[in-house]
Amino acid sequence: MKRYFLAIVLAIFSIGSLSAQKFAYVDTDYILSKIPEFNDAQAQLDESAALWQKEIEAKFSEVDKLYKDYQANKVLYPEEMRQRKEEEILNKEKEIKNYQQAKFGTEGELYKKRQELVKPIQERVYNAIQDVAEKNNYAIIFNKSDGVTMIYTSTKYDISDDVLDNLGYSY
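Last residue of the sequence shown: 1165 (this note's numbering), numbering continuous.
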């Protein structure tokens, strides 16, 4: 990973020295950690997640108790009652997993809450990075926090349409 980063940086600087392009990097984790609204939002998300996790653990504990009771009395139950108890346990497990998905899944409450609370802050940070880049004539801004990712690039250096032209495709 470091070898690739070094190669990219060297290539960029060698190209950059020819045309005097400017490059910079930001540490978005550092920036976000210094924004009180972000820290408040993160604390709120952590609090919600901890509360939901406790609820889920309590529900799983109930199911575990039901299962242990079932195992202890299984031989005493008639076949019909055994099946009913097994279904009850399976349905409770399924209910808990659905609840867990509703809270922590990709479309869950935590995700939606994160989008509501954190996304506007992240957009403000991105817009600020873009403003600084344009004011200082930076061609590319790298994000140090996520490894080696470009967080901003000047559109005047985008040659994607030229490549499509070269391939014979209209844009």
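Even for Gly, the Cβ is constructed at its ideal location relative to N, Cα and C.
Check	Outcome
How is Y1163 classed by DSSP in three states: helix, strand or coil?	coil
Pull up the distance between the alpha-carbon of G1010 and that of A1133, whole angstroms please.	Residue placement at G1010 is flagged as unreliable, the pLDDT there being 48, under the threshold of 50; the coordinate-derived value follows with that caveat. Between G1010 and A1133, the C-alpha separation is close to 9 Å.
Locate the alpha helix (DSSP H) running through K1016, then write down its first and last residues.	Unbroken run through K1016 is the beta strand (DSSP E), K1016 to V1020; no alpha helix (DSSP H).
When you compare the CB positions of E1089 and A1096, do they come within less than 8 Å of one another, or not?	no
Once DSSP output is grouped into helix, strand and coil, what is the label at Y1071?	coil
I'd like to know whether the C-beta atoms of N1137 and K1016 end up nearer to each other than 8 Å.	no
Per DSSP, what kind of secondary structure is S1011 in: helix, strand or coil?	Note that S1011 scores a pLDDT of 49, beneath 50, so its modelled location is shaky and nothing firm can be said.
Across which residues does DSSP place I1135 in a beta bridge pair?	A1018 and Y1146
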